[in-house]
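Line by line, the protein sequences are chains A and B. For what it's worth, the working numbering labels the leading residue of the first sequence as 63, then goes sequentially. For what it's worth, the working numbering labels the leading residue of the second sequence as 206, then goes sequentially. Where is the CB? At the ideal position from N, CA and C, for every residue including glycine.
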Amino acid sequence: MKKEVIKKLREILGSPAVIEDETELLVYECDALTLFKSKPDAVVFPWTTEQVAQIVRLANEHRIPFLPRGAGTGLSGGALAVEGGIIIELQRMNRVLSIDADNRFAIVQPGVVNLHISQAVAPYGLYYAPDPSSQMACSIGGNVAENSGGPHCLKYGMTTNHILAIEAVTPKGEIIRLGNAAGETVGMDLLGAIVGSEGTFVIVTEITIRLLQKPQWVKTLLAAFHSVEDCSQTVSDIIAAGIVPAALEFVDAKTIEAVEASVYKAGYPQDAAAALLIEVDGFREGLEETSNAIVEICRRNRSYDVRVAKDDEERARLWLGRKGAFGAMGRISPDMITMDAVIPRTRLPEVLAEIARMSDRYGLAVANVFHAGDGNLHPLILFDGRRQDQVEKIHRMGEEIVKLCVDVGGALSGEHGIGYEKKEFMNLVFTEPDLEMMMRVKRVFNPDGLLNPSKIFPTRRACTEIGKHTTTSTAEIGKRVDEVLRGSAR
Amino acid sequence: MLTEKETKPPLYLDCIHCGLCLSSCPTYRVLGSEMDSPRGRIYLMRAYDEGRAEITDSFVEHMFRCLDCRACETACPSGVHFGHMMEEMRGKIVDERPAHWIARLMLKHVFPHPWRFQLMARMLQLYEHSGMQWLVRGSRLLRRFAPGMAAAEALMPEIGIERGLIMDSHYRAEGKRVGTVAFFSGCVMNSMLGSINRSSVRLLTAAGYDVVVPGNQICCGALANHAGLRDTAQQMARANIAAFPVDKLDAIIINAAGCGAMLKEYPLLIDGAEAFSSKVKDIAEFLVSTRIFERLKTPLNRRVGYDDPCHLIHGQGIKTEPRKLLKAIPGIEFVEIEGADQCCGSAGIYNITQNELSMEILDRKMEKIQKAHIDVLVTGNPGCMFQFRYGAKKLGLKLDVVHPVELLAQSLGNSGTDV
């Protein structure tokens, strides 16, 4: 990048808040998805919305791609600087600005850690419901970008259900405000389009979030099974019985092995083929009955051990085990890739069986730990990134799993986003007009494609669509697509 | 002999890059930059090992900006041995780029020699009590001409004229003898905070143990090891192992968290240290399973908060034991401080080498301590104690900063052996 740009960035932010040193840039070449790497040309650390806008305007002036980044815990390469450029790191905008306990909302900056919000509002008996497994590290800005989920989204909904308003910087550098603290939609509901746009529409710089009152009573159960089929059947049966658990999580033997070897050792049954972590919450009345009904369903499906957490401490331990599960894979493998497909719950047994067969065929171990209640699978494929043969297999196996899930009527992603990782799979589920419509919406927000380029949309499709123009730049493709749509292309 | 690298896979492979460590890291919490996070540092270590990064100025900066507090180890689901990796990495850095001459002088030629250390401590004492300090601070000359040194000077602990333990001594158990332990007296503890060592021995004898203080022991070597001076640390480890009659002891007791973590990890530093290290116990870890509880009779009517030393909670996994002991003192009102498991920024000599960042971390810490409205702050590591005393003084707080054994020994009242 030109010295002139660096100089101007330093004028905006001060020298230490601009990074261009090669060693330092190295750590920004990927987020939590390490399979793909691309180094940015600079990383900047703004403190204010105005600074973000200034940076964006500067990038526009020099036609430099830019993208926001939070804690870098994303699993689809959303914060990957595919075309280099400037990473706008929002971790220093990490304050809870205000809490309105009576009206149950809080205004926070994007760099606030998800869990820290719940900690900050705990004295008021409130909490922030969406709880991705990485909640102790991931930032709320990233949650908004990816429309993150988490175990408790089964009952409480995804991030999008908890975002009331935002302040954001557009890709041209204007500052806009959408939504309101009352949660009413006035005019067009653009907020809904922005949450989950994976940092390709705007850069969110302030977020008004909904807070919920802590449930009066909570019961957490752990049911162990000797067979994966019985365990998956239980999931379907619980939902079929009309019960809406707060969370319904599946862990298999491989996951249990890793978790039990880690600091998040939770007391999961080590002789089980699979286990369910089930939580129900709400008013105390009726909860006992619901819990008994669940126990009954588990028993009917041959669960050999169902236990109820006896106190908050045990409950916390069971959850920490679940939430530390991805990371705990480091105990049994040097590298891992997390898949994120969603399937209809009723197809769980056959899909899991097929994934097990694939695992044998490719010679790559797979651990399954996922949000069973909404059919959001997370097959974790374990591999060694130093072995090129395994890396190649990963790509093929990943594609095969995605195809399998799509074939049974599923979706590409439950909560991690498409990002860079899954963009080529978009063709599998969307038709040309579907994709075109999405691209057009994107171009309304991000007309030059400078904000977070080369994400979400398949390159392959665009290349064949447009003809001989083989290029990897989304900005370029975007322009070409627009020409096609306008009928001006050759 | 095979090198470590040839025998086992590199430790960085344990890291799966999930990022759960990020918000546990004090430097990341302040700076928000990936290369100042555990995950980022491991990424750089790996890049160096794979030939993708070199030991540049910025590389060194980020490695030494780490407090080595190891909070990331407590957060890490993968069980990454971060502290050990960092020490090895610093060793490699120091091989290429020798440490600052003052650090080398102190860590290689003063700390390993007990009488030189004593001499230094006495000189500091003289400086503080002769009026010279008053002159230096009053004239503001240092601040004007050497601001870095002035910051270090301001952090200088107030060294009371406290008598430490006499080396090569033997203290008898009170009542029925349960066993024999050796006491690791430490360098800073015995020369600058001597009464803490004496309180420790009082408690051990009251709990029914004979206590021996081997005369040939020296500084544990932790500071040298953290600074990357692995040869020096290894020599010190060997000297200490030779100084203790391990076979004849039930335990080796240490009351400084940083030293305890080091002593327990000698096997990572040298071969043949297992027998010694397996006997090492922090004083709280040890006392909690003794009959000391029945001796805590004298009430202390104070509002007490406890701050976890990093190398106790993260380095040794000791969290409940000191709390249990403190809560057993009659009359004490025990308060949990928010973020008690987070580093205070002292980190050995970090508050001198990385003064600005250390002070930022301390400020955040002091804010939380003030919120707890306590009049006694208890923590089990000399560096942390000095840091908190400085923090309290800067804010003009009325706050006693003490070691757990001081309160426990007070609760013994007049009973027990006078040490």
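Determine which residues of the stretch 71-98 of chain A have a Cβ less than 7 angstroms from any Cβ of chain B, and write them out in chain order. D83, T85, E86, L88, V89, Y90, A94 and T96
Run of the beta strand (DSSP E) containing H375(B), from where it starts to where it stops: S374 to Y376
Return the residues of the stretch 259-270 of chain B that lie within a Cβ-Cβ distance of less than 7 angstroms from chain A, sorted by chain order. T261, S263 and F264
Would you mind stating whether D93(A) and R119(A) have Cβ atoms separated by less than 9 angstroms? Contact flag unset, no.
How big is the Cα-Cα spacing for V40(A) and L236(B)? Within the shown structure, residues of chain A are numbered from 63 to 552, placing residue 40(A) beyond reach of any answer.
Around the Cβ of N421(B), are there at least 16 other Cβ atoms within 10 angstroms (buried) or fewer (exposed)? exposed
Would E630(B) pass as an interface residue toward chain A - the criterion being a Cβ-Cβ separation below 9 angstroms? It is not possible to answer for residue 630(B), since the shown part of chain B is limited to 206 through 624.
Enclosing alpha helix (DSSP H) for H334(B) [first to last residue]: P319 to H334
Pick from E236(A), G254(A), D292(A) and V266(A) that is closest to E229(A), judged by C-alpha positions: V266(A)
What three-state label does DSSP hand R362(A) in the structure shown? Residue state, collapsed to three classes: helix.
Run down chain A in chain order and give the residues with a C-beta less than 7 angstroms from the C-beta of M240(B). E86 and V89
Against chain B, with Cβ distances strictly below 9 angstroms, would A153(A) count as a contact? In the sequence as presented, Ala is not what sits at residue 153(A); that position holds Gln. Q153(A) counts as touching chain B.
Which residues in the same chain have their Cβ closer than 7 angstroms to the Cβ of D241(B), if we skip the five residues on either side of it in sequence? T232, Y233, H267 and R270
Using the Cβ count rule (16 or more neighbours within 10 Å means buried), how would you classify T534(A)? Interpretation of T534(A) is limited by its pLDDT of 41, a score under 50 that renders its predicted location unreliable; the figure taken from the coordinates is listed afterwards. Label assigned to T534(A): exposed.
A412(B) vs R321(B) beta-carbon contact at 9 angstroms: no
When the cut-off is 9 angstroms and only beta carbons count, does A390(A) lie next to chain B? By this cut-off, A390(A) is an interface position.
Tell me the DSSP secondary structure of F263(A) in three-state form. Collapsing the DSSP output to three states places F263(A) in coil.
May I have a chain-ordered list of the alpha helix (DSSP H) segments no shorter than 4 residues that lie completely inside the stretch 473-537 of chain B? 479-484, 488-492, 515-518 and 525-532
Whose CA, out of E358(B), G465(B), R443(B) and D487(B), lies closest to the CA of D476(B)? Of the listed residues, the one whose Cα sits closest to D476(B) is R443(B).
Quick one: is F432(A) near chain B, going by C-beta distance under 9 angstroms? With 9 angstroms as the cut-off, F432(A) does not count as an interface residue toward chain B.
In terms of alpha-carbon separation, which member of V464(A), I202(A) and R407(A) lies closest to G134(A)? I202(A)
C-beta contact flag for L434(B) and V315(B) at 9 angstroms: No; because the gap between Cβ atoms is not below 9 angstroms, this pair is not in contact.
Is L434(B) a contact residue of the ligand PLP, with contact defined as CB to any heavy atom under 8 angstroms? This structure simply doesn't include the ligand PLP, nor any ligand for that matter.
Three-state secondary structure (DSSP) of A280(B): helix
Listing by chain order, which chain A residues have their CB less than 8 angstroms from the CB of L249(B)? T85, L88 and V89
Which residue wins for smallest C-alpha separation from G511(A), given the options D103(A), P233(A) and G147(A)? P233(A)
Excluding five sequence neighbours on each side, which residues of the same chain lie with their C-beta closer than 6 angstroms to the C-beta of C467(A)? A403 and I405
List in chain order: all unbroken alpha helix (DSSP H) runs of 4+ residues lying wholly within the stretch 188-257 of chain A. You should have 202-208, 215-218 and 252-256.
In chain order, what residues of the same chain have a beta carbon less than 6 angstroms from the beta carbon of N560(B), not counting five sequence neighbours either side? A356
For the stretch 325-397 of chain A, which segments carrying the alpha helix (DSSP H) assignment without a break, of at least 4 residues, lie completely within its bounds, in sequence order? 349-362, 374-385 and 387-390
With a 10 Å radius around its C-beta and 16 neighbouring C-beta atoms as the bar for buried, classify L218(B) as buried or exposed. Per the 10 Å Cβ criterion, buried.
I want to see whether chain B comes within less than 9 angstroms of L177(A), judged by CB atoms only; does it? yes
For Y424(A), write down the residues that DSSP places opposite it in a beta bridge. Looking at the DSSP assignment, Y424(A) forms no beta bridge with any residue, so it has no partner.
Would you tell me roughly how many angstroms separate the C-alpha atoms of T536(A) and E498(A), rounded to the nearest one? Because the pLDDT of T536(A) is 46, which lies under 50, any placement of that residue in the model is unreliable, and the question is left without a value.
Within 9 angstroms of any Cβ in chain A, is that where the Cβ of E278(B) sits? So, interface residue.
Minimum C-alpha distance to K532(B) - residue among D487(B), L331(B) and V610(B): V610(B)
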